[in-house]
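So the protein sequences, as listed, match chains L and G.
Its first residue numbered 1, the first sequence is counted upward by one per residue in our numbering.
Its first residue numbered 1001, the second sequence is counted upward by one per residue in our numbering.
Cβ coordinates follow ideal geometry from the N, Cα and C atoms, glycine included.
Below you'll find the structure, written out as structure tokens, and then a few comments.
Number of protein chains: 2
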Amino acid sequence: METGLELDTRSKLLKAAVVQFGKFGFAGTSVRKIADDAGVNHGSIKYHYSSKDDLWRAAVAYLYGLLDEAVHKDEAEWKNMSPREQIINSATNYIRFSAKHPELSRIVFFETMHESERLEWLTENFIRPYTSRAIARVALAQEQGVYVDDVPAMNLHYVNIAAAKNIFLMAPEIKRAFDIDVFDDDQIEQHIDAVLKLTMRPENAEEKPSSDGTGTDKNFSNVT
Amino acid sequence: METGLELDTRSKLLKAAVVQFGKFGFAGTSVRKIADDAGVNHGSIKYHYSSKDDLWRAAVAYLYGLLDEAVHKDEAEWKNMSPREQIINSATNYIRFSAKHPELSRIVFFETMHESERLEWLTENFIRPYTSRAIARVALAQEQGVYVDDVPAMNLHYVNIAAAKNIFLMAPEIKRAFDIDVFDDDQIEQHIDAVLKLTMRPENAEEKPSSDGTGTDKNFSNVT
DNA sequence: ATATTATTTATCCAGTCGTATCAATTTAGA
DNA sequence: TCTAAATTGATACGACTGGATAAATAATAT
Chain L
1 METGLELDTR
11 SKLLKAAVVQ
21 FGKFGFAGTS
31 VRKIADDAGV
41 NHGSIKYHYS
51 SKDDLWRAAV
61 AYLYGLLDEA
71 VHKDEAEWKN
81 MSPREQIINS
91 ATNYIRFSAK
101 HPELSRIVFF
111 ETMHESERLE
121 WLTENFIRPY
131 TSRAIARVAL
141 AQEQGVYVDD
151 VPAMNLHYVN
161 IAAAKNIFLM
171 APEIKRAFDI
181 DVFDDDQIEQ
191 HIDAVLKLTM
201 RPENAEEKPS
211 SDGTGTDKNF
221 SNVT
Chain G
1001 METGLELDTR
1011 SKLLKAAVVQ
1021 FGKFGFAGTS
1031 VRKIADDAGV
1041 NHGSIKYHYS
1051 SKDDLWRAAV
1061 AYLYGLLDEA
1071 VHKDEAEWKN
1081 MSPREQIINS
1091 ATNYIRFSAK
1101 HPELSRIVFF
1111 ETMHESERLE
1121 WLTENFIRPY
1131 TSRAIARVAL
1141 AQEQGVYVDD
1151 VPAMNLHYVN
1161 IAAAKNIFLM
1171 APEIKRAFDI
1181 DVFDDDQIEQ
1191 HIDAVLKLTM
1201 RPENAEEKPS
1211 SDGTGTDKNF
1221 SNVT
């Protein structure tokens, strides 16, 4: 009877939870629907996960694990890459992950709209450490001339991640409004290309890590 | 007793609905909480708005009205502006609006995560017309050399709006993680500066619009 | 002042929510 | 095979949901 391909109840619940929480957020999701999707009795949730909250946390931790895996899978080769190539590699991996698992971004978005215990947990355990490293990485890349350096690293970071994943977050809207499926492989690669072109400093404008002032202008100093 | 400054029940309900739907989405919001916040009996919702759904639609329509007002408030002066200045003007207005009323982006985000009748209504009545015009405007600005032109207008548009409003959507997270209030005026202006620097082509690299030489003046026709 | 309408309030209802309980069943160890 | 533990299933409970109803009150018109 066992095929080895079937998931146990716990795993089935986790997968179904990822999908439901990703679509409807914590408040919009019912544990009964998760259990239905997983094909198990809803009483089992209390057994495998002590509560809806715990199941939500398990889903988040699971997705962050996948993210970490995806973004760092080429880490061993980074030492052979230029700073620019490293950024391209990690950004590409990040965007591909965002396309493959839009649920993570969505779940985080649902929670980041208001204060809650879940947001506190999320921030302490994942967002702050992850974002701190990411912003430090952006600042370094600015010094290395990969990104423009006349913009605060924090703003640049939030623009970067928004640029990367927004189109996948809004996939249902784009599908409905323009009949474009942004999850098509072609669309994904086109988006990667676009984001890299838009966020990175043009290659020929790249400057040496250490010395001089900006090769490209400061002529943008004030726009207000 | 009447001061003239007080809102009537209908308006109080609308304002409270905007806040609640903006924080918790449609599913996460209860009409009783809205009525409590508005300081009225929850039965009044049924009287002034026939249902929770109708109240939600009224809140959305109200916010889109404010958006339209904010983005087009300088429209009369656009004819005196260069294409670049027009983009700066409308983008600045859009970002300021996103900071002042993050509820609209949030409400749309809640709905754009999954298919629903509300998303259909939202798309038909607001998103498609609004986004169509915006993408056409982006394409024109690309021709005019304000944006880079080696990226599809749709991708550029979604990067633009994500860059503009993402930081305000994630305000609670940023506050909690880094104790930064992105709604501070300084932060808002800094963000506007950053977004414009990041999304627009550097001024000195601007190229002539296809035919003749007058690249910087008001030789353009419509905003579609 | 009276009649009519507009608005607000107080309950009620059926359905769903998360969760707790406990019996039924399956699994694993001896 | 027998027993104990692990797991699943069925059911119940109180809280809350959106919506409906009708009585109570306020506002307006005549």
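Show which residues of chain G have a CB atom less than 9 angstroms away from the CB atom of residue i.
| i | result |
| --- | --- |
| I95/L | Those within 9 angstroms of I95/L in chain G number zero; the least Cβ separation is about 11 angstroms. |
Please list, in chain order, the chain L residues whose beta carbon lies closer than 8 angstroms to that of residue i.
| i | result |
| --- | --- |
| P1172/G | T112, M113, H114, E115, L119 |
| R1106/G | M113 |
State the CB to CB distance for the pair residue i and residue j, rounded to an integer number of angstroms; the pair is presumed to be in contact (CB under 8 angstroms).
| i | j | result |
| --- | --- | --- |
| T199/L | L1122/G | With 8 angstroms as the limit, T199/L and L1122/G do not qualify as a contact, their Cβ atoms being about 29 angstroms apart. |
| I1034/G | A1061/G | Not confirmed; about 16 angstroms, so no contact. |
| L14/L | Y64/L | 13 angstroms between Cβ atoms; not a contact. |
| A162/L | V195/L | With 8 angstroms as the limit, A162/L and V195/L do not qualify as a contact, their Cβ atoms being about 10 angstroms apart. |
| N1089/G | D1074/G | 5 angstroms |
| P83/L | A141/L | 6 angstroms |
| F1021/G | W1056/G | 6 angstroms |
| Q1190/G | N155/L | 7 angstroms |
| Y1158/G | N166/L | 6 angstroms |
| K12/L | V40/L | 6 angstroms |
| D193/L | Q187/L | About 11 angstroms separates the two Cβ atoms, so there is no contact after all. |
| I127/L | A1177/G | 5 angstroms |
| V1146/G | R1201/G | 6 angstroms |
| V1018/G | A1059/G | 5 angstroms |
| S1044/G | T1092/G | Actually they are not in contact, since the Cβ atoms of S1044/G and T1092/G sit about 39 angstroms apart, beyond 8 angstroms. |
Determine the chain L residues that contact residue i at a beta-carbon separation under 7 angstroms, and present them in chain order.
| i | result |
| --- | --- |
| R1057/G | By Cβ distance, chain L contributes nothing, its closest Cβ being about 17 angstroms from R1057/G, past 7 angstroms. |
Please list, in chain order, the chain G residues whose beta carbon lies closer than 8 angstroms to that of residue i.
| i | result |
| --- | --- |
| T92/L | Here the premise fails: no neighbours, minimum Cβ distance about 15 angstroms. |
| F80/L | According to the sequence shown, residue 80/L is Asn rather than Phe. Those do not exist, as N80/L stays about 28 angstroms from chain G at its closest Cβ, beyond 8 angstroms. |
| N166/L | Y1158, V1159, I1161, A1162, N1166 |
Would you mind telling me which residues of chain L sit closer than 9 angstroms to residue i, beta carbon to beta carbon, in chain order?
| i | result |
| --- | --- |
| T1087/G | Rather than Thr, the amino acid found at residue 1087/G in this sequence is Ile. Neighbours of I1087/G on chain L: none; closest Cβ ~11 angstroms, over 9 angstroms. |
| L1169/G | F109, T112, M113, A162 |
Are there any heavy atoms of the ligand NAD lying less than 6 angstroms away from the beta-carbon of residue i, as far as the coordinates show?
| i | result |
| --- | --- |
| I34/L | For the structure depicted, the ligand NAD is absent and the ligand set is empty, with no information on it obtainable. |
For residue i, return the contacting residues in chain G, with the cut-off set at a CB-CB distance below 7 angstroms.
| i | result |
| --- | --- |
| A177/L | T1123, I1127, R1128, T1131 |
Members of the region 24 to 52 of chain L that neighbour chain G once the beta carbon cut-off is set at 9 angstroms: F24, G25, F26, A27, G28, T29
Interface positions of the region 1136 to 1161 of chain G facing chain L (Cβ-Cβ less than 8 angstroms), listed along the chain: V1148, D1150, V1151, P1152, M1154, N1155, L1156, Y1158, V1159, I1161
Contact the region 1095 to 1104 of chain G vs the region 146 to 166 of chain L: 3+ CB pairs below 8 angstroms: no
Chain L contacts from the region 1185 to 1200 of chain G (Cβ-Cβ distance under 8 angstroms): E1189, Q1190, H1191, I1192, D1193, A1194, V1195, L1196, K1197, L1198, T1199
Cβ contact check for the region 1156 to 1175 of chain G and the region 113 to 132 of chain L: 3 or more pairs under 8 angstroms: yes
Cβ contact (3+ pairs, closer than 8 angstroms) linking the region 9 to 26 of chain L and the region 105 to 123 of chain L: yes
At least three beta-carbon pairs within less than 8 angstroms, the region 1137 to 1148 of chain G to the region 1039 to 1054 of chain G: no
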